Amino acid sequence: MGRLSNEQKESIHKAFKETGTIRGTKKITGISRKAIRRELDRLADPIPKVPKGTVRKSKLDPYKAKIDYLVKEKELSAVRVMEEIVELGYEGGYSILKNHVRIIRPKTKKRPRPPIDHPPGNEAQMDWSPHKVIIQGKEQIVHTGSIVLCYSRWIFMRHFTDETLESVISLHEQAFQELGAVPEIITYDNMTTVGRHVSTDKVWINPRFDRFAKEYGFDIVILQPGAKERHGKVERPFHYIENNFLAGREFDSMEDLNNRADQWRWNKANVRIHGTLKQRPMDRLAREMPYLKRIPINTVDVNYKEVERKINIDFCIVIDKIRYSVNPDLIGETAKVRLYQDHLEIWVNDELHCKHMYSEKKRNVLPEHEDIYRKMTGQKRLLEDALIRLGEPAKKFYEGLQETRKAAAGYHIQRILKYADRYGADIVVGALAYASKHSAYSADSVLQIINGKKLKNQKTMDRVPDNVRQYLEAYAVEKQSLDHYDQVLQNEEDQNETNLTG
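Using the numbering used here, read the sequence shown as starting at 218 and increasing by one per residue.
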């Protein structure tokens, strides 16, 4: 602003007399405070200036000695200091206390650390970071997994919807496949999918990930909690990824996101001049490759998800509404199903039973399972005929057995005919009649009746006398000799023995 006119000077004097403050004068005249002060200074009686160095009184003043003690000696936080001095009568705000604590708190000097030496091929670092991305116009969180070779700073990354063990292993497998090699060690922060410190000198490693690491031949190193400076090679690039790749971009799908991430790595991240090294990561990778270990030829795929499934009466388990066969002998058993990227494995009693490739067909039956089923079907018909010929009680029991046990009925018939051979046809027929009366359609129920025991689902029970044989014979309508069925059972046992030895 230029020199004031006489008119402006008069307005300043008049307004100042009315208001008594520079602020009020400025509000009336619209002239800057600096110009007003300069004009007033020319008066014979200038307004007094506040001497430099004069400190305004603060509500903290009566408590500063206590605050110094709590901060410097007790090392309390500003929140805790606030609690202490409020009890002493402090009525001021938290903000001025926090600012004062920040000023008086002793500054911790960072200890100088020598740079960590990373020989070529020795170490890689792996970590996760969540990022917000736009996919099909909607914002969502993705989990960015990254592996960085410490010597070359070569970076690999994949975006996932979670941080599960399956995702961790998939990240490693894809990185190793692109490199064609693995480092000596890979370091990790504490994470349950890989491992964690459970005490000062004890580290727990996830057994599945440990098996994966052994297959590929690298060592797992779990860093101590708080060792941030030890993991900077992989943590710092996450800001670079967010600001230089993800920022301002939208994606059609997770597949599109990962495809474009690969292009960005190949064409920018790994070919730029690295800020610290002043060299391109790809050039350093070329020098590092001879020191990395080749991927083992025969690696076992351990990247699977395990689920439990009941083996249904059609001798199949169900995954995503698709049915996959097992040996018909296993109907009713519980199987563990390992879901891999391109196939599934069915395990029963901790033993691998069979493998299936994923299919879009509704029902997938392996040829060997079909053959076993056909053989069982033929034998089952013979066994059914044998049971029915025992008489009317057996026929009635068979009808109930078919309705309740369905495809597993043959298993029960085989056992019941063996009971007939062991205990006598009359005893078994009586037991079948008794079982039908109580709707107990199973071989176990028949055996319980033969042994004079109460059935599990039986609310009331006719008293079984000590002479069980006579009691059960009373239930039998017809008595049939089972001599002509001995050969049927013998053929069944011979066939089972052949299957086991063959």
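Beta carbons are placed, not taken as given, at the ideal position from N, Cα and C, and that holds for glycine.
Keep in mind the model is a prediction, meaning the values are calculated, not measured.
| Asked | Found |
| --- | --- |
| Could you check whether residue 399 and residue 509 sit closer than 8 Å to each other, using their CB atoms as the reference points? | yes |
| Distance, Cα to Cα, residue 545 vs residue 566? | 16 Å |
| For a test of the three-state rule: what should DSSP assign to residue 405, helix, strand or coil? | strand |
| Could you tell me if residue 235 is buried or exposed, where buried requires 16 or more neighbouring beta carbons within 10 angstroms of its beta carbon? | exposed |
| Leaving out five residues on either side along the sequence, give the residues of the same chain with a beta carbon under 8 Å from the beta carbon of residue 245. | 228, 232, 235, 236 |
| By a C-beta neighbour count over all protein chains shown, 10 Å radius and 16 as the cutoff for buried, is residue 242 buried or exposed? | buried |
| Can you look up residue 657 in the DSSP assignment and give me helix, strand or coil? | coil |
| Is it buried or exposed, residue 487, if we count other Cβ atoms within 10 angstroms and call 16 or more buried? | buried |
| In three-state terms, what does DSSP make of residue 346? | strand |
| Fully enclosed by the region 613 to 655, which alpha helix (DSSP H) runs are 4 residues long or longer? | 626 to 640, 642 to 654 |
| Quick check on the DSSP output: the alpha helix (DSSP H) that includes residue 252 runs from which residue to which? | 250 to 258 |
| Which partner residues of residue 359 appear in the DSSP bridge assignment? | 348 |
| Beta carbon of residue 489, beta carbon of residue 482: below 8 Å? | no |
| Tell me the residue span of the alpha helix (DSSP H) that contains residue 721. | Residue 721 lies beyond the residue range present for the chain, which begins at 218 and ends at 719; the question has no answer from this structure. |
| For residue 574, is the classification buried or exposed, using 16 other Cβ atoms within 10 angstroms of its Cβ as the cut-off for buried? | exposed |
| Would you identify the three-state DSSP class for residue 222, choosing helix, strand or coil? | coil |
| According to DSSP, residue 399 sits in a beta bridge with which residue or residues? | 510 |
| Is any beta-carbon of chain B found at less than 8 Å from that of residue 457? | Absent from the structure is chain B; it holds one protein chain and no more. |
| Let me check one thing: in DSSP terms, what residues is residue 533 bridge-paired to? | 542 |
| Could you name the residues that DSSP lists as bridge partners for residue 372? | 365 |
| Rank 547, 513, 511 by C-alpha distance to the C-alpha of residue 528 and give the top, closest one. | 547 |
| DSSP on residue 412, reduced to helix/strand/coil? | strand |
| Identify, in the order they occur along the chain, each residue of the same chain with its Cβ nearer than 7 Å to the Cβ of residue 223, setting aside the five sequence neighbours on each side. | none |
| Under a three-way DSSP split, which group does residue 493 fall into? | coil |
| Residue 584: which of 464, 541, 654 sits nearest, CA to CA? | 541 |
| Excluding the five sequence neighbours on either side, which residues of its own chain have a C-beta within less than 8 Å of the C-beta of residue 364, listed in chain order? | 341, 342, 343, 372, 373, 374, 388, 389, 392, 403, 451 |
| Specify the secondary structure class of residue 435 as computed by DSSP and reduced to three states. | coil |
| Of the choices 557, 502, 472, whose alpha-carbon is the least far from that of residue 382? | 557 |
| Going along the chain, which unbroken runs of the alpha helix (DSSP H) with 4 or more residues stay wholly within the region 283 to 341? | 295 to 304, 311 to 321 |
| Given a cut-off of 8 Å, decide if residue 653 and residue 614 are closer than it, judged by their beta-carbon atoms. | yes |
| Output yes or no for whether 8 Å exceeds the beta carbon distance between residue 502 and residue 366. | yes |
| Check each candidate in 571, 256, 608 and name the one with the smallest Cα separation from residue 230. | 256 |
| I'd like to know whether the C-beta atoms of residue 600 and residue 634 end up nearer to each other than 8 Å. | yes |
| Between the alpha carbons of residue 460 and residue 480, how many angstroms are there, rounded? | 16 Å |
| Looking at residue 298 and residue 284, is the spacing between their C-beta atoms short of 8 Å? | yes |
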